[in-house]
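Below: one structure, written as structure tokens.
Residue numbers (the numbering used here), protein chains in the order written: chain A, 1 to 185; chain B, 1001 to 1659.
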């Protein structure tokens, strides 16, 4: 149980660190709030879509910037705009700020500056993806853990009593940490 | 003419169940929007394509109550969609954009948006959007339920004066009220009272192609200056159409004319400037554009220009009847189409126009007496034998194909400004606006495949001791099933690349190393333990990076770095990230610490690997089975499709050998 407690604590700490470091902002919290029993994996879904989209856009921009015969800044501008929209929708604060910085270079048609910004953007995106994936895993792990424990409890009537009280506590902890409890029947 | 009477079934619980159509090309935003709207208890339909949205709307005009649309979309400009929806279906449209420039918002208003929201959109904002539906219903009701037209000279004059006025329907109603006799007003209001407002939807006048054609014919006949709703109504001779309906439609129409005239003005200017256009064009352009539209001052000039355009288009119509369905709609449609052109900027606008001029100009100089815009449009349409590009309901909406071939033909025509050509097709044709990005993107894609430098991004390792190894590994990695991971690898790889750039003369940017390194240093937290690791990390990283991608499995214990398998494991999972092998150190006695280390390690290194599963290896034996189960479930949950046994086996192996 201690292990699980620690897991929960880590989840909460990690989650707050994301906010503290400005990797995600309030919009992300809103997204988390939208998750409920009707859409239990909403945040993960949105995040996956965002990752796909972001990668595609970053690649497109990189390709555009590599063009020897002249960089199409308009296309880059469109990519930035779209990325800014989606990053702000998901609450990816640093990615969004990187986009804003990028935009000024793209407006100035500054290829070198754009390349630098692209690097920065790519870095921020990677950071975000890493962190979010960790977050998701911990959240999923805690859910799975709960399931396991429940199964363990249910199937273990003869063994030393694993108090249901503890199970309920665990459930509360998981929910408090932002995870959700799968309904196991 | 269709006047549809719809009995609403949701008015009792309105706004619950209000039917919203959401259009946004960005899947993230679209999903978010859908979820938010569903949370507000609306009935949501989503699409990422404006063309699809139009199709859906045209299929059944009464299927939706409200449309929310993004401004920047690849296949069609959001403002264009806005106009079309307003003109054809008269539905309230809300614009959505990440860009909140005043200019853009102003454009939204000009095109008739009833609201403009900024991304990220919040649920509070969406909770109130039903007001636009109600408001429009109320105004429309007043508009349409008038008992009939009364000859009110001052009303007519107010309409004429209202030419330069972009009053909304509502405002027009107010004006009407101000200037009307009281009896008229009272009659209307009585009419309202008698109706059961709360439970019945107003009969909505749908301006079909047929109807609009009559309208345009009537206006033509009267002359734009003399076209007043009452007379138009008489000429049209349509049942169940009120003067108010005509009046509001006329107002919208005039708005378009004005917009077109702006475009024509720019066009003519540029035509003159470039001088590569047929002289007839120039003359026409001058007449149509420069002279009268230059300042857009005074309604008279606009009248004249519009009138002339009108007349000519009338001629055009007669001349070109076989051109297909909706030819009569050409002038207005041409007008409508051209109006969004402005959105794309003046310079490109004129160039676009120019381009389109060049092609038809070669053929029919005399027909150019008519509206150049409608002409070129006709030309294009003639080529296509396609009906009007989805302007009106009866017209075939599957115009994307002809559009693409049109753009193709434009390009083939070998106009000099090829980038603009795409833009031309973009501007000319409604759905054609999809073509430019498509073409451009496809060009890019094509060029990408053969582009050598692309590999700099795609390379997974920056170390280039053996570039063939890299390519080989790249191929291996790319063969793996996870496009996302692979892409992530591509992107992420830039980090290691840069990390090593100073040493290795990597082809990629050298600025980044400073970025990554700085970020690495910045993330200190409680990573004191990691400090030592970091110092030693460079060589380790280098080695690992190299080894990782060459052959993960062969790395095994070459240097006694058992945890070199970790990276391989990771790589197998498709993360393609370098793991500092120092993680071997992270097998402290205290399992809690493992967790503390885990994410922070990753963070500290600045790499993107998430290996919570490895946490399993750190957990002492008694929970081993549980962890197995959890990990297995996690794996399944994420549906990565990796060989679970192998991974886990590695973890265990590494753990046991290291401890």
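Glycine residues also receive a C-beta, built at the ideal position from the N, C-alpha and C atoms.
Neighbourhood of residue i by C-beta distance below 8 Å, restricted to the same chain and skipping five residues each side
{"i": "residue 10/A", "result": "138"}
{"i": "residue 1114/B", "result": "1092, 1093, 1094, 1132, 1135 and 1136"}
{"i": "residue 1232/B", "result": "1215, 1218, 1219, 1222, 1246 and 1250"}
{"i": "residue 60/A", "result": "75 and 79"}
Cβ neighbours of residue i in the same chain (closer than 7 Å, five flanking residues each side left out)
{"i": "residue 57/A", "result": "79, 82 and 83"}
{"i": "residue 1119/B", "result": "1029, 1096, 1097 and 1098"}
{"i": "residue 1078/B", "result": "1069, 1070, 1071, 1072 and 1095"}
{"i": "residue 96/A", "result": "84, 87 and 88"}
{"i": "residue 24/A", "result": "18, 91, 92 and 93"}
{"i": "residue 1037/B", "result": "1020, 1022, 1044 and 1126"}
Residue i - DSSP class collapsed to helix/strand/coil
{"i": "residue 1084/B", "result": "helix"}
{"i": "residue 1052/B", "result": "helix"}
{"i": "residue 77/A", "result": "helix"}
{"i": "residue 1242/B", "result": "coil"}
{"i": "residue 1069/B", "result": "strand"}
{"i": "residue 103/A", "result": "helix"}
{"i": "residue 1122/B", "result": "coil"}
{"i": "residue 1060/B", "result": "coil"}
{"i": "residue 1076/B", "result": "coil"}
{"i": "residue 1106/B", "result": "helix"}
{"i": "residue 1043/B", "result": "strand"}
{"i": "residue 1096/B", "result": "strand"}
{"i": "residue 1219/B", "result": "helix"}
{"i": "residue 71/A", "result": "coil"}
{"i": "residue 1021/B", "result": "strand"}
{"i": "residue 1016/B", "result": "coil"}
Residue i, buried or exposed, once every other Cβ within 10 Å from all chains shown has been counted against 16
{"i": "residue 100/A", "result": "exposed"}
{"i": "residue 133/A", "result": "buried"}
{"i": "residue 43/A", "result": "buried"}
{"i": "residue 208/A", "result": "Since the first and last residues shown for chain A are 1 and 185, residue 208/A lies out of range."}
{"i": "residue 26/A", "result": "exposed"}
{"i": "residue 55/A", "result": "buried"}
{"i": "residue 75/A", "result": "buried"}
{"i": "residue 1239/B", "result": "exposed"}
{"i": "residue 1028/B", "result": "buried"}
{"i": "residue 33/A", "result": "exposed"}
{"i": "residue 1204/B", "result": "buried"}
{"i": "residue 1041/B", "result": "exposed"}
{"i": "residue 1258/B", "result": "buried"}
{"i": "residue 94/A", "result": "buried"}
{"i": "residue 151/A", "result": "exposed"}
{"i": "residue 1266/B", "result": "buried"}
{"i": "residue 15/A", "result": "buried"}
{"i": "residue 1223/B", "result": "exposed"}
{"i": "residue 1498/B", "result": "No answer about residue 1498/B holds up, because its pLDDT of 40 lies below 50 and its placement is not dependable."}
{"i": "residue 68/A", "result": "exposed"}
{"i": "residue 154/A", "result": "exposed"}
Span of the beta strand (DSSP E), counted from its first residue to its last, around residue i
{"i": "residue 973/B", "result": "Because chain B spans 1001 through 1659 in this model, residue 973/B falls outside it and cannot be assessed."}
{"i": "residue 65/A", "result": "Not the beta strand (DSSP E): residue 65/A falls in the alpha helix (DSSP H), residues 42-66."}
{"i": "residue 1206/B", "result": "1204-1206"}
Same chain, Cβ closer than 6 Å to residue i, five either side skipped, listed in chain order
{"i": "residue 65/A", "result": "71, 114 and 115"}
{"i": "residue 7/A", "result": "142"}
{"i": "residue 2/A", "result": "none"}
{"i": "residue 1015/B", "result": "1130"}
{"i": "residue 1047/B", "result": "1023 and 1053"}
{"i": "residue 47/A", "result": "132"}
{"i": "residue 944/B", "result": "One cannot answer for residue 944/B here, as it falls past the ends of chain B, which runs 1001 to 1659."}
Residue i: first and last residue of the uninterrupted alpha helix (DSSP H) it sits in
{"i": "residue 1224/B", "result": "Segment: none, residue 1224/B is in no alpha helix (DSSP H) and carries neither H nor E."}
{"i": "residue 13/A", "result": "2-20"}
{"i": "residue 113/A", "result": "111-154"}
{"i": "residue 1091/B", "result": "Per DSSP, residue 1091/B belongs to no alpha helix (DSSP H) and is neither H nor E."}
{"i": "residue 26/A", "result": "26-34"}
heavy atom of the ligand MN below 7 Å from residue i C-beta
{"i": "residue 85/A", "result": "Of the ligands one can find in the structure shown there are none, so the ligand MN has no counterpart to examine."}
(message) Quick test of the definition: if touching needs 3 or more C-beta pairs under 8 Å, does the segment 103-114 of chain A touch the segment 1112-1126 of chain B?
(response) no
(message) Whether or not the segment 1083-1091 of chain B and the segment 1053-1072 of chain B are in contact is what I'm after, with contact meaning three or more pairs of Cβ atoms, one per stretch, closer than 8 Å; do they touch?
(response) yes
(request) Tell me, please, whether the segment 1098-1110 of chain B touches the segment 1132-1141 of chain B by the rule of three or more beta-carbon pairs shorter than 8 Å. (result) no
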